[in-house]
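S.K.: Counting from 1 along the sequence shown, just add 7 to a position and that's the residue number in the working numbering.
For each residue, glycine too, the CB sits at the ideal point set by N, CA and C.
In this text, all values refer to a predicted model and were calculated from it rather than measured experimentally.
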Amino acid sequence: MRASAAIYGCLGPRLGAEEIAFFRDVQPWGFILFARNIEGPDQVRALIAALRETVGRQDAPVLIDQEGGRVQRFGPPHWRRYPPARVLARLPGGLIAQRDAIRLGARLMADDLFALGVNVDCAPVLDVPQPGAHDIIGDRAYGETPEAVAVLGRAAAEGLLAGGVLPVIKHIPGHGRATSDSHLDLPVVEASLEALRETDFPPFQALSDMPLAMTAHVLYRALDPLRPATTSRRVIREVLRGELGFCGLIMSDDLSMQALEGDMTRRARQSLSAGCDVVLHCNGDMVEMKAVAAGVRGLSGQSARRAEAALSRLPLRPEPFDRREAEARFDALLSGAGS
């Protein structure tokens, strides 16, 4: 049975019988973990093994949001705490030093994830925050200019790839102007197309070679006055695929966020019809997941080829890495940030 065009979460640290039966039946392309799923390393490895067993694919993507700062699912006492992107982007020594520190931090994160069996990290954020925008991006951003965000975002992506973890660039085509939190309602961006091209689009264009991208649940008046990017055929096909040149797999942001309207079946169908390759549903609610599954098709055609191409970017083994030495270097760099 081919994989379906969906990624699902689960409710707790262990799978229940209903979840096992559901995942076996609908065969999602992948899974996503949250803090509610995490107790410790051995438990996480067992959960990931159980998830992959339900679909019979040992390379099934298992995702996590591990950016550092306030968006970090793995943390103390079992894993180190990482600073937010803004801290690393303001390290002394200029852009080159910042780039090297960010790549090193991402390589350390990848080492954490790879050891657990997580092979996709929903990072880096390529949004360029603007004055007056909501703080949902805030210190998650790698800078205030598209040039800095592109350079430092690539460093994070390359650090993850070197450690055997696929990066997901987000939130394409840009969440930095949003004046509200898309978890709670639909942000509307009034900026002109020229302004979007000058500030918001460039980091995504610069990283258009990455394997995976996540959409923004944001309505851009200049691009589509009626639909947010996730459900807009015009935005996905003309802007993301066309102008930005992104050829990798596009996943929706979480369908359960309040920025989208309609029931879960409608949200899934609209996202896929617009051009998303797969949809993401995170909260593990079985009623909602069944509704999403009713609106999801099997991965086929270009979407299947993009999914295969993304997984082919995983190296057979991570590049050589001395964890102790890397942590010592990273801690020395961070100590300089406070001096």
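1. Since Phe-38 sits in a beta bridge, which residues does DSSP pair it with?
2. Select from Val-286, Arg-312, Ala-311, Gly-308 the residue whose C-alpha is nearest the C-alpha of Ala-301.
3. Between the alpha carbons of Leu-168 and Arg-241, how many angstroms are there, rounded?
4. Could you please give me the residues that DSSP links to His-288 through a beta bridge?
5. Per DSSP, what kind of secondary structure is Thr-238 in: helix, strand or coil?
6. Which class does Ser-259 belong to by DSSP, given the choice of helix, strand or coil?
7. Does the beta-carbon of Ala-140 have 16 or more other beta-carbons within 10 angstroms, so that it is buried, or is it exposed?
8. Whole angstroms is fine: what's the gap from Ser-310's alpha carbon to Ala-12's?
9. Going by C-alpha to C-alpha distance, which of Arg-93, Tyr-15, His-85, Arg-87 sits closest to Thr-354?
10. Might you give, ordered along the chain, the residues of its own chain that have their beta carbon closer than 7 angstroms to the beta carbon of Ser-187, omitting 5 neighbours on each side?
11. Would you mind sorting Val-294 into buried or exposed? The rule is 16 or more other CB atoms within 10 Å of its CB.
12. Quick one: is Ile-103 buried, meaning 16 or more other Cβ sit within 10 Å of its Cβ, or exposed?
13. Please classify Asp-207: does DSSP put it in a helix, a strand, or coil?
14. Considering only the beta carbon of each residue, do Leu-98 and Leu-321 sit closer than 8 angstroms?
15. Mind listing, in chain order, the continuous alpha helix (DSSP H) runs of no fewer than 4 residues lying wholly within the segment 65-126?
16. Which residue or residues does DSSP assign as beta-bridge partners of Tyr-227?
17. In the DSSP assignment, the alpha helix (DSSP H) including Leu-173 goes from what residue to what residue?
18. I'd like the list of long-range same chain contacts for Cys-17, defined as Cβ closer than 6 angstroms, with 5 residues on each side in sequence excluded.
19. Please report the distance separating the alpha-carbon of Gln-277 from that of Thr-238.
20. How about Arg-52 and Gly-19: do their beta carbons lie closer than 8 angstroms?
21. Which same chain residues, not among the five before or five after Ala-317, have their C-beta less than 7 angstroms away from its C-beta?
22. Quick check: what's the CA-CA separation for Leu-226 versus Asp-72?
23. Would you grab the beta carbon distance between Gly-171 and Pro-327 for me? Rounded to a whole angstrom, and I think it's under 8 angstroms.
24. Please classify Met-271: does DSSP put it in a helix, a strand, or coil?
25. DSSP three-state call for Gly-249: helix, strand or coil?
26. How long is the line joining the alpha carbons of Ala-24 and Asp-32, rounded to whole angstroms?
27. Apply the 10 Å Cβ neighbour rule to Leu-159 and answer buried if 16 or more other Cβ atoms are within range, or exposed otherwise.
28. Tell me the DSSP secondary structure of Leu-128 in three-state form.
29. Tell me which residue opens and which closes the beta strand (DSSP E) that Leu-219 is part of.
M.R.: Put simply:
1. Partner(s): Tyr-15, Val-69.
2. Of the listed residues, the one whose Cα sits closest to Ala-301 is Val-286.
3. When the Cα atoms are used, Leu-168 and Arg-241 turn out to be separated by approximately 31 angstroms.
4. DSSP output for His-288 lists Tyr-15 as bridge partner(s).
5. Thr-238: helix per DSSP, three-state reduction.
6. In the three-state reduction of the DSSP assignment, Ser-259 falls in the strand class, which pools E and B.
7. Burial call: buried.
8. Rounded to whole angstroms, the gap between the alpha carbons of Ser-310 and Ala-12 is 8 angstroms.
9. Not covered by the structure: residue 354. The range shown for the chain is 8 to 346.
10. Answer for Ser-187: His-141, Pro-194, listed in chain order.
11. A residue is called buried when at least 16 other Cβ atoms come within 10 angstroms of its Cβ; Val-294 does not meet this threshold and is exposed.
12. Label assigned to Ile-103: exposed.
13. DSSP places Asp-207 in helix when its eight states are reduced to three.
14. Going by C-beta atoms, Leu-98 is not nearer than 8 angstroms to Leu-321.
15. Here the runs fully enclosed are 92-96, 101-123.
16. Tyr-227 is bridged to Val-196.
17. Where Leu-173 is concerned, there is no enclosing alpha helix (DSSP H), although the beta strand (DSSP E) it sits in stretches over 173-179.
18. Within the same chain, and ignoring the five residues on either side of Cys-17 in sequence, the residues whose Cβ sits closer than 6 angstroms to its Cβ are Glu-26, Gly-291.
19. Each residue's Cα considered, the two are about 5 angstroms apart.
20. No; because the gap between Cβ atoms is not below 8 angstroms, this pair is not in contact.
21. Taken in chain order, the residues that qualify are Leu-173, Pro-218, Leu-219, Gly-255, Leu-256.
22. Using only the alpha carbons, I get a separation of about 23 angstroms.
23. The pair is not a contact, with the Cβ atoms about 12 angstroms apart (cut-off 8 angstroms).
24. In the three-state DSSP reduction, Met-271 falls in the helix class (H, G or I).
25. Looking at Gly-249 - three-state DSSP - the assignment turns out to be helix.
26. Ala-24 and Asp-32: Cα-Cα distance of roughly 12 angstroms.
27. It counts as buried.
28. As written in the sequence, residue 128 is Asp, which differs from the Leu given in the question. If DSSP states are grouped into helix, strand and coil, Asp-128 belongs with the strands.
29. Here the beta strand (DSSP E) through Leu-219 covers 219-222.
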